[in-house]
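Numbering (UniProt numbering), first residue to last: 1 to 140.
Note that the Cβ used here is the ideal one computed from N, Cα and C, for glycine as well.
What you are looking at is a predicted structure, and each value in this text was computed from that prediction instead of being measured.
A short worksheet on the structure shown next.
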Amino acid sequence: MITKSPAKIVPPPEPSPLLDAVTTLTTVLEAENKALRQSDFGASGALADAKRLAIVSLESLTHHQPPSPRLMPEALHRRLDSAIEQNRLLLRRSIDTQQRVIATILQAIDPEPLDGHYPGHNGAESSHRNTAPVALTLRA
């Protein structure tokens with residue numbers, strides 16, 4: 001006669017504040033990355049408070065150290081790393097865009113500022129050729 005042992009009941013994993021914080025930060029970064037890829041700076045700006053809160057929450061749990069990969073599932077760790085790297089690249093691209101927009105506006109306001117030229121390496125004056133402003137498109 002074969003007797004079956006009772007099924008072993010495995011309790012669900014206990015909630016982990018660290019995993020919750022990592023998941024929240026990852027989700028916010030992914031949303032910001034999506035907005036930045038679409039050049040939707042209003043949407044990315046609207047996520048600033050959520051991003052700050054998620055970072056502060058994670059830092060408070062890890063004492064300002066990056067969370068150890070062994071404390072979270074590998075898939076979540078890869079997802080966080082990917083979101084951070086994409087965010088870094090997209091923010092750099094956005095900052096570059098912002099600097100070009102500001103330079104274009106300044107050029108349009110004053111195409112030839114009084115002290116806007118400097119002698120070249122050999123002391124000669126550079127040409128004062130004005131350039132037309134670059135076209136600018138804004139989305140609300």
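Inter-segment contact for the region 35-51 and the region 79-98 is present: three or more beta-carbon pairs are separated by less than 8 Å. For Pro17, the enclosing alpha helix (DSSP H) has its first and last residue at Pro17 to Arg37. The Cβ atoms of Ala48 and Thr24 lie no closer than 8 Å to each other. If you draw a straight line from the Cα of Arg100 to the Cα of Gly42, it comes to about 18 Å. Shown here, Pro111 sits in coil according to DSSP, grouped into three states, outside any helix or strand. Between Leu80 and Leu18, the CB-CB gap reaches or exceeds 8 Å. Straight through space, the alpha carbons of Leu91 and Ala75 are spaced by roughly 24 Å.
Pro69 sits in a helix when the DSSP states are folded into three classes.
Taking 8 Å as the cut-off, the beta carbon of Ala21 is found closer than this to the beta carbon of Ser57. When the alpha-carbon of Arg52 is set against those of Pro111, Val28 and Ile105, the nearest one is in Val28. Annotation for Ala50: Val28 place their beta carbon closer than 7 Å to its own, counting only its chain and skipping 5 residues before and after.
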